[in-house]
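> Quick one: the structure is below, questions incoming.
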Amino acid sequence: MAENLNDLRTFIAVAQTGSFTKAAAQTGVSQSAVSHSMRALESRLGVKLFHRTTRSISTTEAGERLYRHLLPLFENIDQEISNVLNEQENLRGSLRVNGSIHVFESVLWAKFEHFLQVYPDVSLELVAENRFIDIVAERFDAGIRLGDDVAKDMIAVRLSPDMQMCVAAAPAYLAQYGTPQTPADLSAHQCLAMRLPTHGGLLAWEFTNPDDGKTVKIRPQGRFTANSGFLLQNAAAAGHGLMWTPRDSITEKLSSGRLKTVLDDWAITYPGYYLYYPNRRSGSPLLQALVEVLRE
């Protein structure tokens with residue numbers, strides 16, 4: 001029976017990820033072991049669970065029906081096991097949290113570090129990425145995103161103040177090429193662009209018109225593009241152009257004088273970061289403990 005349960009857990013992982021390789025990484029076994037266990041499961045059940053091609057794996061109608069029935073059952077089992085563990089004196093278990101690179105590096109890292117100190121028996125995995133994901137499908141306990149980006153069917157807890165954006169460049173760049181006075185002036189400048197992970201486009205820069213409060217968008221144009229805020233900061237500090245970024249992500253470079261902000265009266269502000277998770281996880285002691293630390 002234990003082997004059958006393990007096969008069913010592996011089946012859920014394959015159905016969620018659409019990949020034997022990714023499912024193997026989740027379950028801690030080899031890709032060939034995952035493939036073998038799925039064929040064995042199909043043989044025992046006498047039904048085909050997956051459509052397999054050289055490029056993709058997807059559930060058949062029977063496989064999708066089985067997945068939708070099994071997923072909540074195994075989630076309830078995991079939750080009950082976690083609750084039993086956490087009835088002990090010390091919290092134990094594991095948490096997987098997905099969030100943007102900015103929130104982990106510039107906003108909440110100190111609080112996550114404090115959480116590790118307070119709860120030494122809890123394993124914490126933080127996955128920092130800028131793409132938007134389905135935290136349920138990818139088996140995360142919670143996600144952290146800006147308020148406007150949180151799915152409406154999730155429980156959301158605010159963790160940070162509003163986030164202000166800014167445009168920044170090296171003083172040497174501004175001395176050589178001049179200081180833009182409005183977003184329209186940016187068309188004459190080198191704008192350092194952020195490549196988006198989900199669809200591959202470039203992140204639009206947004207501003208708030210100080211006269212009427214309306215949002216103004218521009219498409220950055222320049223000779224340097226990256227998918228990393230770290231690389232864009234280095235390029236800006238080296239004098240290669242202007243970057244658009246959360247102000248708190250460049251505090252150190254502003255204080256040292258390596259970067260200087262412009263268009264401050266046009267700076268847009270976004271709602272702060274929220275931790276969000278499915279309603280069925282609302283009773284998790286581990287999540288409650290994390291929320292308490294992050295809101296301190």
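Mapping of the sequence shown onto UniProt numbering: position 22 corresponds to residue 22, and the numbering continues sequentially without gaps.
Think of the CB as a built atom: it goes at the ideal place given N, C-alpha and C, for glycine as much as any other residue.
1) Return the first residue and the last residue of the beta strand (DSSP E) that threonine 261 is part of.
2) Please give me, in chain order, every unbroken run of the alpha helix (DSSP H) with length at least 4 that falls completely inside the stretch 104-182.
3) In three-state DSSP terms, what is isoleucine 57?
4) Identify the residues that DSSP records as bridge partners of alanine 23: which are they?
5) Sort Tyr119, Arg96 and Pro171 by Cα distance to phenylalanine 140 and report the nearest one.
6) Based on the DSSP output, what are the partners of phenylalanine 207 in its beta bridges?
7) Taking the beta strand (DSSP E) that valine 97 falls in, what are its first and last residues?
8) Cα separation between serine 56 and arginine 131?
9) Alpha carbon to alpha carbon, what distance is there between glutamate 105 and leucine 275?
10) Taking the alpha carbon of tyrosine 173 as the reference point, which residue from Ala267, Gln233 and His240 has its own alpha carbon closest?
11) Taking Cβ to Cβ, would you say aspartate 7 is nearer than 8 Å to serine 43?
12) Beta strand (DSSP E) containing leucine 275: first to last residue?
13) Near threonine 179, what residues of its chain come up, given a Cβ to Cβ distance below 8 Å and the 5 sequence neighbours on each side ignored?
14) Measuring straight from C-alpha to C-alpha, what distance separates lysine 22 and glutamate 75?
15) Using the C-alpha atoms, what's the distance from glycine 201 back to threonine 245?
16) Where does leucine 5 sit, in a helix, a strand or coil, going by DSSP?
17) Check whether the stretch 277-285 and the stretch 192-211 are in contact - that is, three or more C-beta pairs closer than 8 Å.
18) Measuring alpha carbon to alpha carbon, tell me which residue in Ala226, Cys191 and Ala238 is nearest arginine 219.
19) Can you tell me the Cβ-Cβ gap for residue 339 and lysine 111, rounded? I've got them flagged as a contact below 8 Å.
20) Leaving aside the five residues before and after glycine 143 along the sequence, list all residues of the same chain whose C-beta is less than 6 Å from its C-beta, in chain order.
21) Helix, strand or coil, according to DSSP, for histidine 102 in the structure here?
22) Look up methionine 38 in the DSSP assignment and give the residues it is bridged to.
Inspection of the coordinates gives the following:
1) 260-262
2) 109-118 and 171-177
3) strand
4) DSSP output for alanine 23 lists no bridge partner at all.
5) Arg96
6) Val216
7) 93-99
8) 21 Å
9) 16 Å
10) His240
11) no
12) 273-277
13) Val262
14) 19 Å
15) 17 Å
16) helix
17) no
18) Cys191
19) Past the edges of the chain, shown from 1 to 296, lies residue 339, and the structure says nothing about it.
20) Asn98, Ile135 and Tyr276
21) helix
22) Answer is none; methionine 38 lacks a bridge partner.
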